[in-house]
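In what follows, a structure is listed as structure tokens, so that the remarks can point back to it.
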Amino acid sequence: MSSFGLDRLFQPTSVAVVGASDRAGSLGRSVMANLVGGGFAGRIAPVNPRRATVGGLKACSSLRDLAGPIDLAVVCTPPTAVPSVIEDAAAIHAGAALILTAGVSRGSGSQSEVILDIARHHGLRLIGPNSFGLLAPHAALNASFAAGPAAKGDLALISQSGAVAAALVGWGSRRALGFSAVVSLGDALDVDVADCLDHFAGDRRSRAILLYVEAITDAKKFMSAARAAARVKPVVVVKGGRHAAGARAAATHTGALAGADEVYEAAFRRAGLLRVLDLDQLFAAAEVLGRRQWDRGDRLAILTNGGGVGVLAVDRHLDMGGKLAALSTETLASLDKALPATWSRANPVDIIGDADAQRFSSAIEILLAAHEVDAIVALEAPTALAAAETTAKSVVAAVEASKSRAMPVKPVLASWLGAGPDIQKIFAEAKIPHFETESDAIAAFDYLTRHRRAQAALHATPTAAPFDQRPYVEAIQRMIRSALAEGRAWLDPVEAASLLKAFRIPMVESVEASTAGEAAVAARQLLLNAEAVALKIRSRLIVHKSDVGGVCLDLKTPAQVELAATDMLARVRLACPEVNDAGFLLQPMVRRGEARELIAGLSDDPTFGPVILFGRGGVGVEVYRDTALGLPPLDQPLAADLIDQTEVGRTLAAYRDVPAADRKAVESVLVALGEIASALPEVRSIDLNPLLADAGGVLAVDARIAIAGSDASRMVIRPYPLHWTRTLKTLAGDSYVARPLRAEDEVLIGRLLAAVEPDDLRMRFFAPVRHLEHGFLTRLVHLDYARAIAFVALAADGEAAGVVRLHCDADHKAGEFAILVRSDLKGRGVGWALMQLMLEWARSENIATVWGDVLKANVEMSAMCRELGFVAIAGGDDEATTFSVDIRALDMASAAEAAA
């Protein structure tokens, strides 16, 4: 289950407290006091078999004795009683249970297993056990043992720690920050982080979502929910245990570098979440990110009355990779008129220590009007020459005045150093974020910049279509199965080269030899076209050749090769006496003096599955630790972002007399690694080190590939479903290729919409479509294939004839369809064929119900829905009809018709 049933949990009209008590210090008393004291307007029903009343309210001995429905049952009983309480809650059809009880046993045959079985059988949602509680201030609900209430606001908090939730509730109150909801998940038997993300993504009261997580158990579910939520509102995350010793030891360099926290970082980044390091940063980020109109650029102006404070702010900003706005001639001239001659005439704009409120106001107004400034950080160092309260009010007035003049809204962040609560209140009421120090204010602006970049990455348009590797995969799979049947965990060098070649990753030529003599013969042939050769030990038991003296370079004659091979074999036998299959591998020496040594690889994380690594390569890779991780599948923009996260990525550009490396070729290798992860789940790790990159392209000099048995992909992000490509035959006899829509189709869909008549667009989007902008188009083509599908029908000329889409709810039980056919092709069966394909996909995904709204004026579409088996649902509005079909009933009817 996902967000199903959570509305009754977060907006209950009736709450029962099982284990309610008047005993001082008891859990039941704390919860009752918070419920009653919080002003919950709904029904509160205490349950205690030993008391007639609790907290002045009549008590019942059991949930089964309650009259009327219960939305939420709060469980405060001893652990042994919890299973029977959950059974009672299910029997009375309660909406959800919040289990605050700690110490509920876990594992096979445990209390937790019994509880979960009961809940799932009856559709009862559970939070806990071991939960701190649930607070929904807009519903005046405080079903927790918090020391105080949560202020009403618009931040949703999801926490895997009750202590952190409690701390944040108190902290928020002190900082005048309120919550739409606070939920402590406890052991998360049922409702987890992903469920809550889905719920709050659609909650209009929540403008931002705050997460405290320590571990994710269902990574696929989490990534799908996180990506969906991050597309509609800011999601800020703190992860506990950043330095915990949780990374698996692995045989390859790639595995050793893929530590647990680094993988979480990659997952958060891919989902579009903003990660911060502590709770203070969590609130700061939420304060600035919740203002969606602040989606501007990164050119910052710093305004200050203290030169030293401004210098510190600039240092902090540049340390974080920030960009200062270059003030234009017009802006400088305006500031010259408003400020004394001694002002800094640069950014930061130092208006001098004797600045009064008018000077602050004038400078702010000019910077707000400056086209080259995207945001402002205003800093005030306290002086006896101007009251801090007066200068703060002048800044607020200037910002408000700019809004009244319909000027572009720019972020203004403030830090009045040493300010008390009165100053904080002035800025809070004006919705201007205020911070204790200049460093905090600069960091908050960095959150804005990072979030904007993350959103851009979510909506980036790739430049190349996915590679169809299907013709090559079957042969590679046979090769891997053969290796596994032999009990091997590694592909040999020749097999590894074959796999890489199938996925377009260039690798240096290799020749095998069994003896020193054979190595000399092979070298003679290689030396016809190379100045020298490299000799490497070959054994299925040796992964890191250089560790056992198994690499010799720059051998120029067959005699040198034979001698080196003899010595190498002796060294290896001494270092690894268990090796009984030693042979040799010869490669021509690669002379690419301007090449950058990189590493690229694939690792298998126990939580997030396949992970792609990129960074600085060579024998010192663990020492440099200049690497970045990404979750597959990757497209070109994501591969480029992975490269940009590293120091070595900058060396791919030209410098001095060294030409730029072929960056696109490096990106292609990273994309190909993602394709391998998708197509070959048996591949558990790949280590390409070194991967040479220069102006001539890329070349893998060495490759190690680990394999293991697997019958299903472990990728947490569903890859492009290329296997759903079909040939459609319409009733009019036309033929189209239909395939799933992909992010690269932005231009294609733009041309389709431009070719559709305005009235047909209105039928599809229920409103006129006047502008085909990038943001609008990317929302149409960027799909999470775990939740949605769209099929485009392509005509012989490659243009789109029509598109159908199905977007499923978070529970993956129902989906909403929408369809658009090019105006000049209406009535030729394109829509019918696309709808049939969409229903076929729904069956394969076990979608129970497909529905969609159709404007009543769209008579043709309504008729087609009825012919397809859809039925009109009562209700709706005056302009549209909702059509729905039960897939199972439709299939049964089709089977009966065929049998007749």
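Under my numbering, the letters of the sequence shown match residues 302 to 1201, in that order. Ideal Cβ positions, reconstructed from N, Cα and C, are used throughout, including at glycine. All values derive from a computational prediction rather than experimental measurement.
By DSSP's assignment, Val834 forms a beta bridge with Leu856 and Pro889.
Taking 8 Å as the cut-off, the Cβ atoms of Ile1090 and Leu1078 do not count as close. DSSP, read as helix, strand or coil, puts Trp1133 in helix.
Contact between the stretch 1088 to 1102 and the stretch 1057 to 1070 is not established, with fewer than three Cβ pairs separated by less than 8 Å. Taking a C-beta distance under 8 Å as the contact criterion, Ala688 and Ala656 do not qualify as a contact pair. Of the residues Leu1084, Val1038, Asp1098 and Ala1194, the one whose Cα lies closest to the Cα of Arg528 is Leu1084. The residue from Ile913, Gly918, Val924 and Ala961 with its alpha-carbon nearest to that of Ala940 is Ile913. Judged by DSSP secondary structure, Gly463 falls within the alpha helix (DSSP H) whose first and last residues are Gly463 to Arg475. In this structure, DSSP gives Lys359 an extended state, which the three-state scheme calls strand.
Bounds of the beta strand (DSSP E) holding Val484 are Phe480 to Ser485.
Counting along the chain, Pro450 sits inside no beta strand (DSSP E), nor does DSSP assign it H or E at all. Per DSSP, reduced to three states, the secondary structure at Thr908 is coil, with no helix or strand assignment. When C-beta atoms of the stretch 436 to 445 are compared with those of the stretch 307 to 314, three or more pairs fall below 8 Å, so the two segments count as touching. Under the three-pair Cβ rule at 8 Å, the stretch 824 to 842 does not count as touching the stretch 901 to 917.
Residue range Val536 to Lys540 is occupied by the beta strand (DSSP E) that includes Lys540. In the DSSP assignment, Ile345 falls within the unbroken beta strand (DSSP E) covering Arg344 to Val348. Taking the Cβ atoms as the reference, Arg309 lies roughly 16 Å from Gly429, outside the contact range of under 8 Å.
Apart from the 5 residues on each side of it in sequence, Ser1011 sits with its Cβ closer than 6 Å to the Cβ of Pro982 and Glu983 in its chain, given in chain order.
Per DSSP, the unbroken alpha helix (DSSP H) holding Pro1059 starts and ends at Pro1059 to Phe1066. For the options Glu737, Ser662 and Thr684, the alpha carbon positioned closest to that of Ser703 is the one of Ser662.
Counting C-beta pairs closer than 8 Å gives fewer than three between the stretch 623 to 643 and the stretch 783 to 802, which falls short of the contact rule. Between Gly1170 and Ala1143, the gap from beta carbon to beta carbon reaches 8 Å or more.
Looking at the DSSP output, Ser315 shares a beta bridge with Arg344.
Runs of the alpha helix (DSSP H) lying entirely within the stretch 773 to 820 and spanning at least 4 residues, in chain order: 794 to 803. Considering only Arg344, Leu1126 and Ile665, the residue with the shortest C-alpha distance to Ile371 is Arg344.
Segment contact: the stretch 501 to 520 against the stretch 892 to 900, fewer than three CB-CB distances shorter than 8 Å; contact not assigned.
Annotated as distal: Ala586 and Leu601, with beta-carbon spacing of 8 Å or more. According to DSSP, residue pairing for Pro1041 in a beta bridge involves Phe1092. Between Val1093 and the set Lys1114, Cys1109 and Met1136, the nearest pair of CA atoms involves Met1136. Runs of the beta strand (DSSP E) lying entirely within the stretch 1094 to 1119 and spanning at least 3 residues, in chain order: 1101 to 1109.
Ile416: member of the alpha helix (DSSP H) spanning Gln412 to His423, first to last residue.
Residue pairing for Asn1147: DSSP places it in no beta bridge.
Cβ contact annotation for Leu935 (same chain, cutoff 8 Å, sequence separation greater than five): Ile913, Leu943, Leu971, Val972, Leu974 and Gly975, in chain order. Contact check between the stretch 728 to 737 and the stretch 1046 to 1065: fewer than three CB pairs, one atom from each, fall below 8 Å, which does not count as touching. Taking the Cα positions, Thr858 is about 8 Å away from Ala821. Separation of Gly910 and Ala526 (C-alpha to C-alpha, rounded to the nearest whole angstrom) is 17 Å.
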